[in-house]
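Take a look at the structure below.
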Amino acid sequence: MDINTLRSLTTLVSLVVFVGIVWWALSKQRAKDFEQAAHLPFEQD
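Using my numbering, the letters of the sequence shown map in sequence onto residues 1 to 45.
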């Protein structure tokens, strides 16, 4: 395995991880949790 193959695999793995994170963040199941987290700074103790 030469260095260019390793670089290509690293790029591919990074792309898959990035798409996975974006998919997780934009999923409808997480929307409620993110909405609650968005309001945390405005809540009073």
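Note that CB positions come from ideal geometry on N, CA and C, so glycine has one too.
The three-state secondary structure of Q44, taken from DSSP, is coil.
Per DSSP, reduced to three states, the secondary structure at S14 is helical. Counting only the Cα atoms, F42 lies some 47 Å from L6. In this chain, the alpha helix (DSSP H) harbouring D33 covers K28 to H39.
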